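Number of protein chains: 2
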Amino acid sequence: MDTMGTLRRTHYCGEPAESDIGHEIVVCGFTQKIRDMGNLVFIDLRDRSGIIQLAFDDGTAAALLEKAKTVRSEYVLMAKGTVRRRESVNKELKTGMVELYVTELRILSKAQTPPFEITDQSKVNEELRLKYRYLDLRRPGLQQNLILRHKIAKVARDYYFENGFLEIETPMMIKSTPEGARDYLVPSRIHNGKFYALPQSPQIYKQLLMISGYDRYFQIARCFRDEDLRADRQPEFTQIDLEMSFVDMEDILKINEGFVQRLFKEVLDVNIPLPLPRLTYKEAMERYGSDKPDTRFGMEITDLSAIVKDTEFTVFKNAVAEGGSVRAIAAKGGAAKLSRKEIDKLTEQVKGIGAKGLAYIRWVEDAPNCSFAKFISEQELADILKALGCEKGDVALIVADKNRVVLPVLGQLRLTVAKLLEIERTGYNFLWITEFPFFEWDEESGTWAAMHHPFTMPMDECLPYLESDPGSVRAKAYDLVLNGIELSSGSIRITDFELQQKMFTLLGLTKEEIEVKFGFLVDAYRYAAPPHGGAGIGLDRLAMQMCGAESLRDVLAFPKVQNCSELMSACPSEVDEKQLAELGISLIKK
Amino acid sequence: MDTMGTLRRTHYCGEPAESDIGHEIVVCGFTQKIRDMGNLVFIDLRDRSGIIQLAFDDGTAAALLEKAKTVRSEYVLMAKGTVRRRESVNKELKTGMVELYVTELRILSKAQTPPFEITDQSKVNEELRLKYRYLDLRRPGLQQNLILRHKIAKVARDYYFENGFLEIETPMMIKSTPEGARDYLVPSRIHNGKFYALPQSPQIYKQLLMISGYDRYFQIARCFRDEDLRADRQPEFTQIDLEMSFVDMEDILKINEGFVQRLFKEVLDVNIPLPLPRLTYKEAMERYGSDKPDTRFGMEITDLSAIVKDTEFTVFKNAVAEGGSVRAIAAKGGAAKLSRKEIDKLTEQVKGIGAKGLAYIRWVEDAPNCSFAKFISEQELADILKALGCEKGDVALIVADKNRVVLPVLGQLRLTVAKLLEIERTGYNFLWITEFPFFEWDEESGTWAAMHHPFTMPMDECLPYLESDPGSVRAKAYDLVLNGIELSSGSIRITDFELQQKMFTLLGLTKEEIEVKFGFLVDAYRYAAPPHGGAGIGLDRLAMQMCGAESLRDVLAFPKVQNCSELMSACPSEVDEKQLAELGISLIKK
């Protein structure tokens, strides 16, 4: 094999253009493909920037032509030559107008035949691709995703630093707390029987940094959650994490909106108009049945309670009478695709998520076919159709129950129906959700729990009702939603030691529990804290949205699969008994 | 307590200048101190940028003056007022020409009396300060260190990104390997009995990224090593990590030198001339007895072997005859401080690190006092003094042994003596160390071990001697040294699969061991790899040097102490039996 010697790259493969014609350049990269046509040889040479065609022809020295013929897929080459106009322009390539007429070729490394072809079109199964991740990572699509991810992080730092944020590293081996999701633990060798935890987020530390006067904190932080298996989650994920002092909610929304606008302009050249739309939690639930609605399409929820409250149909009447409601979505033009059979499937689906059933009106023929026709009057049916704006060709799907069932069920149904009807969803619909309830009633334990986290500041106007009407207390918490995905979550924190104690009491925590769960953080607030708040923005999800990727695995260099293992290195793995003994632990025999 | 309402900061405390006189501004921050002189009140308000004096006087509304009098140390305030010239200029403060004549004061948060005064002069013990780290972090000195650290990371990203590097995140939960230092382990809940490891560095992943064609990789990466206790080490530390393709050693040194120059100029306004000086490993050892010499002072090692090889003094003669050497350092003007007693202490010290003894010549009186006078001739003594350039007032310290004892012992001695003599060491002396030996003979196992790591490329001219003379093989490895501290370490990697196998064989590894230790990484090289190499730069040490800090704890927000515990949160800590059971582990009862 050859060495580079003193030869050095002058251009990336994707760079040569018509303006380079006649110039001598040096490129290097991986062999995408080779076409040997006897006295003509073409090699497509690939690097992270693109592909250039290397050309050898009857003018090429015989030894060089012979050498070119020995090249195989994925060989690493360095080539010097002159840029010339291509005979047949390749419009698929950035460099398609030109080619490199090679005068010197160095084969720097030879490759075995790879287990699969390295193209974005390769249909090989993902498991094999993950096992050979280092080869899959050669795919231009994946490379562009990771380059885009790099740009996101760069714009984030540029933007927040320009706005006075300091990047401060917080520890990765921290104290385990019984709060929140499950911690990953790290046994201590020096302190046998004790453990560190990997951070679920830098939450505690960024609040402390505000107490310490750092004013504006930023970090792109790795976070860890040992959660039960769910589709498209990674045990470690990355958060653009920030916190700022001497601000209220509006200040934080404004600075983060500015980031969104700058990011999309710089990276995708997409204009995001500001201010971003907002919905309160209540509005979002009532209109979309979700606190992270996809607003790229309508199909909003309509409340039919007023129309049906006195109907003979007891399912509807009772739901309203018992404080619940009857609500519906209208699938415009959905009658053809939403056959009876399809609606039966939807019924099963909604039953699976807590509904008792699904009523419907399907209007295919001249008259609407209504699943509860015999129980309601013609006038009521007409009123329902009118309220929903339903016409021939449409389907109405109706749920009656308590609100906490009706709304999320219709929210889910809305997404399922949009998918079934293939409703076009394009663009980037950002949305702030504000005024989250502070408390969430936990049926199981019969106590109030904090919906965001217990350090979240209640809204000023709710402070008088903390004890008298906890259910009505809204928080200075805000989520940023993009196309139905929760991108960011944040809040203003409680900085008043006394108020914090009161909130803990309302959450049913004893002094001991407060001490165990939040000990030093709560104490820190005794020494004064500026008003502060912050947010965490999910970098992986953001990258996924901006890349148009289908999975988090497509925006991470070395992802784990659903059971949290990593296929390339076969991790996690067994370790020596000796190592465990040093850590003071042993395996439980099953 | 007050709220901010709609009032917002217009200036940081360190900003108001004479040009602001007459302007109305708003500042906020922490109360450094309050001086109540009856009808005059002054408050020093502090934020991360500096301190501004808030002034209240007989023109101040009575209620406002009374309010100002209630302020205590560390209260968080927001103040609106007019900038005016100070009566008595404070030259200690950036803002010392002006003060803020307050018209509106908001007390945003009250503080308990802190357990220690928050100033850089505070002499309270470090343990207490670490327990209340959130208060200690309010100290301006510590704040400036973390701001400087932020700047280092920012310049690093700016520089390397401008040079085409991509920041790519590598996983933190990886496969444990038996190579290198001890891994921190993370038990798996889903795969009981198996473990992840926290990365000691992203080494494997960055090499894979080169194989995958990412061309130039950069990351500021957290690394973890469960090492035995040593002074000033942290179990987690941060590395500026990079790797680049289609380069040889010179290219990497050049790009990293460029970073050093840019960094010191931008952050400290210090000019570092390029190219940086270089020494080969051999030169560094022979001249300074160290592969990370502090070159801010001379006191180089002199080889006396030629002079003493035929002396009657058998200690010297035999050392030379047995292939070792007799070498010395000269402590110019050291005779006064290096008393006999002091030299005895030095003798004990060198015995502690492997020397058999320490010979000396101490020249205080008219004639030199030589510890081995009776064994050598006058001529020999004169020759020794001449070789060392010793005169009256100087001390020569001489060690005779094998070279691998003589050199490091004198290297250590040189540093100790420099400290004793309080030799001035200022400035920033950078130095590349190159041509490290590839192999290191491991006496214990009687095998060759890799000095850097087994993926390091031997120098081209050494390839013919791999088998015949392993001891002479030098590697394309390079360390960057600053003032005697190893800042960075790196190498060109072996990209030839066959050569890699040969090196493994020379290192005595069996096929099985290769598979267990390096399995998928070695396999990856079968599919071709561009020539590549890289380096890791210790961010913590770099920050420590640039801050002039005495300890890593002064450049980290939340450091751990020597036994790897963190005093603020009392971490590591015990966890629930239930958690352990889920992980399939139990504690070994002692």
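If you're matching them up, the sequences are chains G and B in order.
Mapping the first sequence onto the UniProt record's numbering, position 413 (from 1) lands on 413, and the numbers just tick up by one.
Mapping the second sequence onto the UniProt record's numbering, position 391 (from 1) lands on 391, and the numbers just tick up by one.
Yeah, the Cβ is synthetic: ideal placement off N, Cα and C, and Gly gets one too.
Treat the numbers as computed from the prediction; the structure is a model and nothing was measured.
Item to check | Own chain, CB closer than 6 Å to G:S188, minus 5 neighbours either side, in chain order | outcome: K194
Checklist entry - Are the C-beta atoms of G:C28 and some chain B residue less than 8 Å apart? => result yes
Checklist entry - Counting contacts by CB-CB distance shorter than 8 Å, is G:T456 in contact with chain B? => result no
Checklist entry - Closest Cβ-Cβ distance between G:D248 and chain C: below 8 Å? => result Going by chain labels, chain C is absent from the structure shown, which instead holds the protein chains G and B.
Next on the checklist: Does chain G have any CB closer than 8 Å to the CB of B:Y160?
Outcome noted: no
Checklist entry - B:E286 touches chain G at which residues, Cβ-Cβ below 8 Å? => result Chain G residues near B:E286: none, gap ~31 Å exceeds 8 Å.
Next on the checklist: Suppose you measure from the CA of B:K578 to the CA of G:G519; what does that come to, to the nearest Å?
Outcome noted: 22 Å
Next on the checklist: Comparing C-alpha positions only, which one of B:S565, B:P470, B:I494 sits nearest to B:Q207?
Outcome noted: B:I494
Next on the checklist: Taking DSSP's pairing of strands, which residues face B:D36 in a bridge?
Outcome noted: B:V41
Next on the checklist: Within 10 Å of its beta-carbon, does G:M37 have 16 or more other beta-carbons around it, so buried, or fewer, so exposed?
Outcome noted: exposed
Checklist entry - Buried or exposed: B:L274, going by 16 or more other Cβ atoms within 10 Å of its Cβ? => result exposed
Item to check | Any chain B beta carbon closer than 8 Å to G:L146 | outcome: Chain B places a beta carbon closer than 8 Å to that of G:L146, counting this residue as a contact.
Checklist entry - Exposed or buried, B:L463, counting other C-beta atoms within 10 Å across all chains shown (16 or more means buried)? => result With fewer than 16 other Cβ atoms from the protein chains shown falling within 10 Å of its own Cβ, B:L463 counts as exposed.
Checklist entry - Mind pulling the chain B residues with CB within less than 8 Å of G:K110? => result A528
Checklist entry - Would B:L413 pass as a contact of B:L304 if the rule is Cβ separation under 8 Å? => result The beta carbons of B:L413 and B:L304 sit no closer together than 8 Å.
Next on the checklist: Cutting at 6 Å between CB atoms, please list the residues of its own chain near G:A449, excluding the five before and the five after it.
Outcome noted: E440, D442
Checklist entry - So, is B:P572 buried or exposed, given that buried needs 16 or more other C-beta atoms within 10 angstroms? => result buried
Checklist entry - In chain B, what lies closer than 9 Å to G:N256 by C-beta? => result Under the 9 Å cutoff, chain B gives no residues; its nearest Cβ is about 17 Å from G:N256.
Next on the checklist: According to DSSP, simplified to helix, strand and coil, what is G:Q219?
Outcome noted: strand
Item to check | Cβ shell of G:D215 (< 6 Å), same chain only, five flanking positions each side left out | outcome: S245
Item to check | Reference B:R404; option with closest CA among B:Y134, B:A331, B:V27, B:D291 | outcome: Among B:Y134, B:A331, B:V27, B:D291, the Cα nearest to that of B:R404 belongs to B:D291.
Item to check | Euclidean distance between Cα positions of B:E391 and B:G333 | outcome: Their backbone Cα atoms lie some 8 Å apart in a straight line.
Item to check | Nearest-angstrom beta carbon gap, B:T170 and B:A221 [assumed within contact, 8 Å] | outcome: 7 Å
Item to check | B:M285 - containing alpha helix (DSSP H), residue span | outcome: 281-288
Checklist entry - Shortest alpha-carbon distance to G:R225 belongs to which of G:V270, G:I190, G:T177? => result G:T177
Item to check | DSSP-derived helix/strand/coil call for B:P470 | outcome: DSSP, reduced to helix, strand and coil, places B:P470 within a helical segment of the structure shown.
Checklist entry - Does DSSP put G:D158 in a helix, a strand or coil? => result helix
Item to check | Cβ neighbours of B:K67 in the same chain (closer than 8 Å, five flanking residues each side left out) | outcome: L105, I107
Next on the checklist: Taking its Cβ as the centre, do 16 or more other Cβ atoms sit within 10 Å of G:N125, making it buried, or is it exposed?
Outcome noted: By the 10 Å Cβ count, G:N125 comes out exposed.
Next on the checklist: Using only the alpha-carbon positions, how far apart do G:D47 and G:Y12 sit?
Outcome noted: 7 Å
Next on the checklist: Against chain G, with Cβ distances strictly below 8 Å, would B:K578 count as a contact?
Outcome noted: By this cut-off, B:K578 is not an interface position.
Checklist entry - Closer than 8 Å, CB to CB, is G:Q32 near chain B or not? => result By this cut-off, G:Q32 is not an interface position.
Item to check | For B:H150 and G:A62, the rounded distance between their alpha carbons | outcome: 57 Å
Checklist entry - Relative to the C-alpha of G:E162, which residue among G:Y217, G:T295, G:L521 is closest? => result Comparing Cα-Cα distances from G:E162 to each of G:Y217, G:T295, G:L521, the minimum goes to G:Y217.
Item to check | Cross-chain neighbours of G:M544 in chain B, by beta carbon under 7 Å | outcome: Ordered by position in chain B, no residue passes the 7 Å Cβ test against G:M544, which lies about 14 Å from the chain.
Checklist entry - Does DSSP put B:A367 in a helix, a strand or coil? => result coil
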